[in-house]
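Residue numbers (my numbering): 1409 to 2047.
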């Protein structure tokens, strides 16, 4: 048979051929074009717009790169479907996806395209402990805006910083950024990066790459030498050459790109439902609920006949307040124990046995604070706390995200699970899936929350309207809302004493209880202030901390959000505003033939931020008008 010249040209070029495959999300809005020439490349499109390109996703085991050679993927589809143990958005998870799996010698790269994003992970097959490194380059469209959180390249931080906008080309090359990180394309498509299912492995960070408009992932390396000082500070002095030392027959963490418009960031469940499966379905003892808290308000009570402070009478008063208002928990923060290095005994000023017993009588359980270094040395206190009748712990000041620290989080979560104790991680990195494996993890800090109002001006209404779209996508955030001293940004001055306040109106603060997600939302202010604003207190203490359904009625990143959430048959609407006044009427099925309790900005709230108006039993005939002033808010309870 005679061969044409084109045939021989094809043979010549065959070794350099490019494999190409396109997959579509179930709803068709997202698509991914996968090519493999020298390296694997994944280009992601949203409604036809290229929004992000992933180049050379790679994992190395004992220094040997695993993603090598051209491998054709196995395509498929599936659905993630289960009931959430602690539902912060939806009680029922039902997420279809399209998949493409690449099998290499010792690892598989598993890629999934959901309706609201793309996720991939590596799955190892060798039953051997090895040193692991990982890489990925991420290119965004030119003129994209990165909402960054720069920290030092030692990765040590409380992960509590304001989000600052930068053009992608001006991204800092000297610092790393913690996740979640949001990038807004020129077409106003949002691309949010985070990770989940982080077990026995460090958290992921990003930094500038050499290529234009490109970032790359990076990680804290596994610590070799750590120097400890005081009761909470640890400094990694030297590291290994790899980021993790682990048995590689395992699932590695998911790398998640949530993609869509502003509202899509508020309803995604990818970081939660791609987390590890729960250790047990016996979660009846995990009881979310609001928490009365004393640290932010400085243990301050007034109009009482005793001296307020860290003493028995003060805590009995807090318990009375919580009981009267249906608040199931009281947090005893730093100062309750005899010292921060001994958390097995109470301070001499406290009759803790009496406080716990009184709380039980009043149906208010206690949560106790602990420094992480002390807890690590005294894990035996956890069965003791259970014996005392304590409900949970708040662990603080970890301020690292390397493999060793990630393992400490799981050690604490498991020990608390075994002793039926709740856990609230403070001084922590953002949620990374462990809260699904251990449903007793009820919140994480890792957020620039209201506590910074005691020392900085950073916690502005505009910042508050960035948090739901960035930090909250990763999971629960312990922002600690509830300030009763309210100010507009132009008049706000930080106060680190007992008269702390917050920026935004009273209605702005109240709406956080609907908008912000945490299974243990705090009431940060003093009972004395709440008692003098009982109408407002009665309203916010009706708001649940878990939800069966979430709908976004309107949202614009950094400017406003209006959300509706359902608990059982009851609906709650929360609106927050930063820039300009807001007014819009919504129509919805859950508004038909209902009545509403409404808490909104008062007529003089533009001058006096504490001014609010309460409307009781407003009849609804299928629609609801939400009005907010600049820096304001709106909430409704619908029956």
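No residue lacks a Cβ here, since even glycine has one placed at the ideal position from N, Cα and C.
Sub-9 Å separation of residue i and residue j beta-carbons
{"i": "residue 1766", "j": "residue 1727", "result": "yes"}
{"i": "residue 1794", "j": "residue 1848", "result": "no"}
{"i": "residue 1772", "j": "residue 1735", "result": "yes"}
{"i": "residue 1683", "j": "residue 1840", "result": "yes"}
{"i": "residue 1960", "j": "residue 1492", "result": "no"}
{"i": "residue 1529", "j": "residue 1661", "result": "yes"}
{"i": "residue 1709", "j": "residue 1763", "result": "no"}
{"i": "residue 1838", "j": "residue 1627", "result": "no"}
{"i": "residue 1842", "j": "residue 1494", "result": "no"}
{"i": "residue 1357", "j": "residue 1875", "result": "Past the boundaries of the shown model lies residue 1357; the chain is included only from 1409 to 2047, so the question cannot be answered."}
{"i": "residue 2079", "j": "residue 1545", "result": "There is no way to answer for residue 2079, as the model of the chain reaches only from 1409 to 2047."}
{"i": "residue 1969", "j": "residue 2045", "result": "no"}
{"i": "residue 1774", "j": "residue 1737", "result": "yes"}
{"i": "residue 1749", "j": "residue 1742", "result": "no"}
{"i": "residue 1503", "j": "residue 1681", "result": "yes"}
{"i": "residue 1702", "j": "residue 1758", "result": "no"}
{"i": "residue 1810", "j": "residue 1579", "result": "no"}
Cut-off 7 Å between Cβ atoms - residues of its own chain near residue i, not counting five sequence neighbours on either side
{"i": "residue 1865", "result": "1900 and 1902"}
{"i": "residue 1421", "result": "For residue 1421, the predicted model reports a pLDDT of 42, less than 50, meaning its position is unreliable; a value from the coordinates is still stated below. Around residue 1421: no qualifying Cβ."}
{"i": "residue 1673", "result": "1598, 1600, 1666, 1877 and 1881"}
{"i": "residue 1470", "result": "1538 and 1539"}
{"i": "residue 1633", "result": "1645 and 1646"}
{"i": "residue 2030", "result": "1995, 1999 and 2000"}
Contact set for residue i: own chain, Cβ-Cβ below 8 Å, skip 5 residues either direction
{"i": "residue 1589", "result": "1554, 1555, 1556, 1557, 1600, 1601, 1602, 1614 and 1878"}
{"i": "residue 1705", "result": "1906, 1908, 1932, 1933, 1934 and 1937"}
{"i": "residue 1413", "result": "For residue 1413, the pLDDT reaches just 46, beneath the cut-off of 50, and the residue's location in the model is therefore unreliable, although a value from the coordinates is still provided. Nothing listed; no residue qualifies."}
{"i": "residue 2020", "result": "1913, 1914, 1915, 1918, 1944, 2007, 2008, 2009, 2010 and 2013"}
{"i": "residue 1976", "result": "1956"}
{"i": "residue 1980", "result": "1922, 1951, 1952, 1972, 1973, 1974, 2043, 2044, 2045 and 2046"}
Distance between beta carbons of residue j and residue i, contact taken as under 8 Å
{"i": "residue 1698", "j": "residue 1953", "result": "6 Å"}
{"i": "residue 1817", "j": "residue 1687", "result": "The Cβ separation is near 14 Å, so there is no contact."}
{"i": "residue 1986", "j": "residue 1873", "result": "4 Å"}
{"i": "residue 1488", "j": "residue 1668", "result": "Not quite, the Cβ-Cβ distance comes to about 18 Å (not below 8 Å), so this is no contact."}
{"i": "residue 1917", "j": "residue 1891", "result": "5 Å"}
{"i": "residue 1547", "j": "residue 1443", "result": "That belief does not hold up - the Cβ atoms of residue 1547 and residue 1443 are roughly 14 Å apart, past 8 Å."}
{"i": "residue 1696", "j": "residue 1850", "result": "6 Å"}
{"i": "residue 1663", "j": "residue 1468", "result": "Actually they are not in contact, since the Cβ atoms of residue 1663 and residue 1468 sit about 16 Å apart, beyond 8 Å."}
{"i": "residue 1722", "j": "residue 1707", "result": "6 Å"}
{"i": "residue 1888", "j": "residue 1870", "result": "19 Å between Cβ atoms; not a contact."}
{"i": "residue 1475", "j": "residue 1496", "result": "Contact flag wrong, Cβ pair sits at about 35 Å."}
Local Cβ density within 10 Å of residue i, reported as buried at 16 or more and exposed below that
{"i": "residue 2130", "result": "What is shown of the chain runs 1409 to 2047, which leaves residue 2130 out entirely."}
{"i": "residue 1619", "result": "exposed"}
{"i": "residue 1894", "result": "buried"}
{"i": "residue 1693", "result": "exposed"}
{"i": "residue 1638", "result": "exposed"}
{"i": "residue 1611", "result": "buried"}
{"i": "residue 1883", "result": "buried"}
{"i": "residue 1427", "result": "exposed"}
{"i": "residue 1642", "result": "buried"}
{"i": "residue 1862", "result": "buried"}
{"i": "residue 1500", "result": "exposed"}
{"i": "residue 2026", "result": "exposed"}
{"i": "residue 1804", "result": "buried"}
{"i": "residue 2000", "result": "exposed"}
{"i": "residue 1924", "result": "buried"}
{"i": "residue 1929", "result": "buried"}
{"i": "residue 1561", "result": "exposed"}
{"i": "residue 1595", "result": "exposed"}
Residues near residue i in its chain [Cβ-Cβ closer than 6 Å; skip 5 each side]
{"i": "residue 1853", "result": "1834, 1836 and 1886"}
{"i": "residue 1453", "result": "1439"}
{"i": "residue 1507", "result": "1484 and 1520"}
{"i": "residue 1991", "result": "2035"}
{"i": "residue 1974", "result": "1956 and 1957"}
{"i": "residue 1658", "result": "1532"}
{"i": "residue 1648", "result": "1629, 1630 and 1632"}
{"i": "residue 1593", "result": "1459, 1549 and 1552"}
{"i": "residue 1441", "result": "1430 and 1451"}
{"i": "residue 1778", "result": "1751, 1801 and 1803"}
CB contact below 9 Å: residue i versus chain B
{"i": "residue 1863", "result": "Looking at the structure shown, chain B is missing, and only one protein chain is on hand."}
At which residue ranges does the segment 1494-1545 contain complete alpha helix (DSSP H) runs of 4 or more residues, listed in the order of the chain? none
My parser needs the beta strand (DSSP E) runs of 3 or more residues fully inside the segment 1955-1993; what are they? 1957-1964, 1968-1975 and 1978-1985
Complete runs of the beta strand (DSSP E) confined to the segment 1634-1705 [at least 3 residues]: 1641-1647, 1652-1655, 1662-1668 and 1699-1701
Return the chain-ordered ranges of every alpha helix (DSSP H) run that is complete within the segment 1720-1781 and spans a minimum of 4 residues. 1720-1732 and 1760-1770
In chain order, what are the residue ranges of uninterrupted beta strand (DSSP E) at least 3 long that sit wholly in the segment 1430-1457? 1438-1444 and 1448-1454
Which full runs of the beta strand (DSSP E) of 3+ residues lie inside the segment 1779-1834, going along the chain? 1800-1804 and 1830-1833
Which full runs of the beta strand (DSSP E) of 3+ residues lie inside the segment 1593-1624, going along the chain? 1598-1604 and 1613-1616
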